[in-house]
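What follows is one structure encoded as structure tokens, with my remarks underneath.
Number of protein chains: 2
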Amino acid sequence: MESVFEIIAEPNRRAILSLLVSSQQSVGEIERQLRMPQPTVSKHLRVLREAGFVESTVDAQRRLYRLKPGPFQEMDAWLEQFRRFWSDHVDALERHLDRRERSSPTRATPAKSKTGKRQRGPNRERDKGETK
Amino acid sequence: MESVFEIIAEPNRRAILSLLVSSQQSVGEIERQLRMPQPTVSKHLRVLREAGFVESTVDAQRRLYRLKPGPFQEMDAWLEQFRRFWSDHVDALERHLDRRERSSPTRATPAKSKTGKRQRGPNRERDKGETK
DNA sequence: CCAAAATATGCCTTGACACGTATATACCCT
DNA sequence: AGGGTATATACGTGTCAAGGCATATTTTGG
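Respectively, the protein sequence lines represent chains A and B. Our numbering applies: residue 92 is where the first sequence begins, and numbers increase by one. Our numbering applies: residue 92 is where the second sequence begins, and numbers increase by one.
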């Protein structure tokens, strides 16, 4: 459990993070809103804390948890390499720091026409792969 | 294995995806570059394909795999809810991460007014200990 | 000091999944 | 046809993490 990606692979943890977006919450509040047993919440929070997703402060017997930006930025940085790739399709990320620009992309596919190359027997197989 | 986050939790799969950013690749090419056994590559590719991360076309006995944007956009959409949050903290964590090695002309987030703090909710906590 | 509230932790079981090895399938060339 | 290449799949195995449950720890108020 090292990478940030493994951390957020857990649905309950993602739920907790989404919950904390609005404001900081105590364990009990999370427990109630997400309807999961308290030990489960605590354990997930521990994982999130050790991974740097959240931090906590003490308030009497409560612990108030809130988000920390680090890991999110890390994920964003990883996504960055793909962003250019998909940005041709979408403009939903206009609010994002991206410049719409039709530059020569990473010269992705050689655009080999398509069935070119040395392919003779074209599609006649069971076609089992491909996008199912 | 439903969500896109569980898919990319696997390091080898992330490596494959990163490899495919440059251009489409055959299974054998991936196998050699990442130095992992062929069955492993095929299995991961299968998972990635069924999750919509990649698609394949047939080239003789080869399968050429390339990226598909869908799942990446989905991840980005999820991150979106946190983006505002960490943008507010940019100045605060400027000291925290100084990975300023952007080669691309992608200028970072346009400096936003760091006027007010992001005070939320009635905090009556008395800051004390932290992290076990 | 004691009880109650809030949270953390320890143990155990279970299931998912990644891997290795072997084998099956599909396609090419001579 | 046959052999070689490229990729997919089946099976057995080990590991690890999530959940449930009980219990420990901390803090407050009386």
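Every residue gets a Cβ at the ideal spot worked out from N, C-alpha and C, and that includes glycine.
{"query": "Reduced DSSP category for SER94 of chain B - H, G, I as helix; E, B as strand; rest coil", "result": "coil"}
{"query": "Backbone secondary structure at ARG157 of chain A - three-state DSSP", "result": "strand"}
{"query": "Between the CA atoms of GLN115 of chain B and SER195 of chain A - distance to the nearest angstrom", "result": "At SER195 of chain A the pLDDT is 39, less than 50, meaning the model places this residue with poor confidence; the figure from the coordinates comes in the next sentence. Spanning the two alpha carbons is a distance of roughly 16 Å."}
{"query": "Short CB-CB distance (under 8 Å) between PRO130 of chain A and chain B", "result": "no"}
{"query": "Nearest-angstrom Cβ-Cβ length linking LEU158 of chain B and PHE176 of chain A, presumed shorter than 8 Å", "result": "6 Å"}
{"query": "C-beta neighbour in chain B for LEU170 of chain A, strict 8 Å", "result": "yes"}
{"query": "Short CB-CB distance (under 8 Å) between SER109 of chain B and chain A", "result": "yes"}
{"query": "Under 9 Å from the C-beta of ARG105 of chain B: neighbouring residues of chain A", "result": "SER94, PHE96 and TRP169"}
{"query": "Local conformation of GLN116 of chain A per DSSP, three classes", "result": "strand"}
{"query": "Beta-carbon spacing of PRO102 of chain A, SER94 of chain B below 8 Å", "result": "yes"}
{"query": "GLU101 of chain B, DSSP secondary structure in three states", "result": "coil"}
{"query": "At least three beta-carbon pairs within less than 8 Å, the segment 106-123 of chain A to the segment 138-146 of chain A", "result": "yes"}
{"query": "Straight-line gap, PRO130 of chain A to GLN172 of chain B (C-alpha atoms, nearest Å)", "result": "27 Å"}
{"query": "Buried or exposed by the 16-neighbour rule on C-beta atoms within 10 Å, applied to ARG174 of chain A", "result": "buried"}
{"query": "Close beta carbons around ARG154 of chain B, own chain, < 7 Å, minus the five adjacent residues each side", "result": "SER117, VAL118 and SER147"}
{"query": "Start-end ranges of the alpha helix (DSSP H) lying completely within the segment 119-153 of chain B, minimum 4 residues", "result": "129-141"}
{"query": "Contacts of ALA142 of chain A in chain B (Cβ-Cβ under 8 Å)", "result": "The premise fails here: ALA142 of chain A is roughly 12 Å from chain B at the closest Cβ pair, so nothing lies under 8 Å."}
{"query": "Supposed contact pair ASP167 of chain B and LEU170 of chain A - C-beta distance, whole angstroms, cut 8 Å", "result": "6 Å"}
{"query": "GLN164 of chain B burial status per 10 Å Cβ neighbour count (16 or more: buried)", "result": "buried"}
{"query": "is_contact[ILE99 of chain B, chain A] using C-beta, thresh 8 Å", "result": "yes"}
{"query": "Buried versus exposed call for PRO241 of chain A [16 or more other C-beta atoms within 10 Å across all chains shown]", "result": "Because chain A is modelled from 92 through 223, residue 241 of chain A falls outside the range shown and cannot be assessed."}
{"query": "Contacts that LEU139 of chain B makes with chain A (C-beta to C-beta distance below 9 Å)", "result": "The contacting residues do not exist; LEU139 of chain B stays about 11 Å from chain A at best."}
{"query": "Rounded Cβ spacing between ILE98 of chain B and VAL138 of chain B (contact assumed at less than 8 Å)", "result": "6 Å"}
{"query": "ALA100 of chain A classed as buried or exposed, judged by whether at least 16 other C-beta atoms fall within 10 angstroms", "result": "buried"}
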